[in-house]
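What follows is a short report on a single structure.
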Amino acid sequence: MVIEKDSGPAEESTDKVDPFADFLDIPMQVRAELGSCRRRCSEVVALRAGSVITLPRSAGDNVALLLNGLRIGAGEIVVIEDSMGLRITEIVGHKHGVES
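Everything in the sequence shown is counted per the numbering used here, starting at -2 for the first residue and increasing by one.
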């Protein structure tokens, strides 16, 4: 027979545990969506190198920021040396001021 001695109430830890810490290293797909349009199949099969598809937005419009396919914000396309980037202007539920 084993008898366990009750040591009283467990002491509360003063360290706060982040409940999301285990999820922070999960890779997620982040995508900026310039736009989309619908075309007939005949128009799609006629596409060639050099073809231009007109999108329903103007230059300078914000583009959608998607996380795993869900819209989480918007931003403006910026050029960074030889690459493109996205300056975040909005996160769903929050408006961020953009400093120049």
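Each residue gets a CB set at the ideal place from its N, CA and C atoms; glycine is no exception.
Keep in mind it's a predicted model, so treat the numbers as computed, not measured.
As assigned by DSSP and simplified to three states, the class of residue i
i: R84; result: strand
i: E40; result: helix
i: A18; result: helix
i: S97; result: Residue confidence for S97 is low, a pLDDT of 42 falling below 50, so the modelled location carries little weight; the figure read from the coordinates is stated next. In this structure, S97 counts as coil in the three-state DSSP scheme.
Terminal residues of the beta strand (DSSP E) in which residue i lies
i: V60; result: 60 to 64
i: V27; result: 27 to 30
i: G70; result: 67 to 77
Euclidean distance between Cα positions of residue i and residue j
i: R84; j: G72; result: 5 Å
i: L62; j: I77; result: 18 Å
i: S80; j: D12; result: 42 Å
i: G82; j: T51; result: 21 Å
i: A43; j: R35; result: 14 Å
i: F20; j: A46; result: 42 Å
i: V27; j: V89; result: 15 Å
i: M25; j: V41; result: 30 Å
i: P53; j: V60; result: 11 Å
i: F17; j: G70; result: 21 Å
i: N65; j: D15; result: 23 Å
Closest residue to residue i among the options (Cα-Cα distance)
i: I74; options: G47, R68, A29; result: A29
i: G32; options: A56, M25, S39; result: A56
i: R68; options: D58, I23, E87, R54; result: E87
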